[in-house]
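Take a look at the structure below.
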Amino acid sequence: MRLLAFIYLRSPALLKSLAPGSSPLAAESGLLQIVTDYIFLCPARKAARMGVASGSNVWMYVFDHAAADHQVWRGLAFCYGHACHGAELPFLFNSASVANFTLTLPEKLLANRMVCFWGAFAHGGDPRAGPEETSFCRQQRPPVWPRYLDTSGWLVMNFTVPSHPPDGHLGPHLRLLGQAGYLLALYPRRLAGNYHHLWPS
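Using the numbering used here, read the sequence shown as starting at 25 and increasing by one per residue.
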């Protein structure tokens with residue numbers, strides 16, 4: 025609730041646009057997006073920015089494909105039609121058949137491309153294999169995965185069907201969440217009575 029209060033105090037119009045009150049389902053979806061971005065996306069962005077600042081090459085991705093076969097989530101109905109945490113693992117390891125579910129043809133292409141990206145990264149430290157790309161991976165025709173740069177906004181690979189880099193635009197709610205810092209007050213105990221910020225504003 026403190027996070028929502030922070031957003032409301034800084035930008036009530038933004039909170040209303042993310043969680044419109046027209047229907048409880050729309051409001052729930054918007055609020056879930058805020059919390060998901062705060063817990064997963066913002067710390068990842070901070071880590072990427074720190075990596076770039078230290079001179080490292082960084083590539084980021086967002087996996088937001090909802091698997092067509094609900095068997096992926098056996099019994100977790102709230103994940104049907106969504107990309108819940110860890111949703112990329114059966115694609116990344118191309119393990120659908122082992123887990124007893126099926127991929128559509130576009131999903132098989134997505135899995136193949138992910139295997140190629142991760143293989144290239146493991147081999148040479150860059151998911152863009154270049155001249156060392158295998159014939160199998162060339163056949164997958166993977167899109168260009170841009171390297172993350174702190175000055176470039178939001179360059180990530182969006183793994184979905186079809187995969188693509190986004191337009192680089194960082195949504196206003198992510199900028200605002202970055203200003204919030206990672207408040208330990210969201211948890212039962214506070215550190216030395218003060219809020220601890222994982223990243224600066």
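Don't be surprised by glycine CBs; every beta carbon is placed ideally from N, CA and C.
Here the structure is a predicted model, which means the values were calculated and not measured.
Spatial distance of residue i from residue j (CA atoms)
i, j, result
"P142", "A123", "Correcting the residue identity first, residue 142 is Trp in this sequence and not Pro. One C-alpha to the other measures close to 21 Å."
"L222", "P67", "A caution first: L222 carries a pLDDT of 36, below 50, which makes its placement in the model too unreliable to give a value."
"L113", "M74", "26 Å"
"Q95", "F87", "18 Å"
"N218", "Y172", "Bear in mind that the predicted position of N218 carries a pLDDT of just 35, short of 50, making it unreliable; the figure below should be weighed with that in mind. Each residue's alpha carbon lies about 32 Å from the other."
"F64", "N182", "15 Å"
"C140", "N81", "18 Å"
Check whether residue i and residue j have beta carbons under 9 Å apart
i, j, result
"A111", "H89", "yes"
"P166", "L179", "no"
"L129", "A120", "no"
"F125", "A91", "yes"
Coil, strand or helix - residue i by DSSP
i, result
"Y62", "helix"
"F125", "coil"
"V82", "coil"
"F87", "strand"
"N118", "coil"
"H106", "coil"
"H220", "Residue placement at H220 is poorly supported in this model, since its pLDDT is 35, which falls under 50; the coordinates still yield a value, given next. In this structure, H220 counts as coil in the three-state DSSP scheme."
"Y211", "Summary for Y211: the model assigns pLDDT 39, below 50, so the residue's position carries little reliability, and this model does not support an answer."
heavy atom of the ligand GTP below 8 Å from residue i C-beta
i, result
"F115", "No copy of the ligand GTP occurs in the structure displayed, which carries no ligand at all."
Integer-rounded CB distance, given that residue j should sit under 8 Å from residue i
i, j, result
"M84", "L116", "15 Å between Cβ atoms; not a contact."
"G148", "E156", "7 Å"
Are there three or more Cβ pairs, one per stretch, closer than 8 Å when the segment 122-136 is compared with the segment 100-107? Segment contact: the segment 122-136 against the segment 100-107, fewer than three CB-CB distances shorter than 8 Å; contact not assigned.
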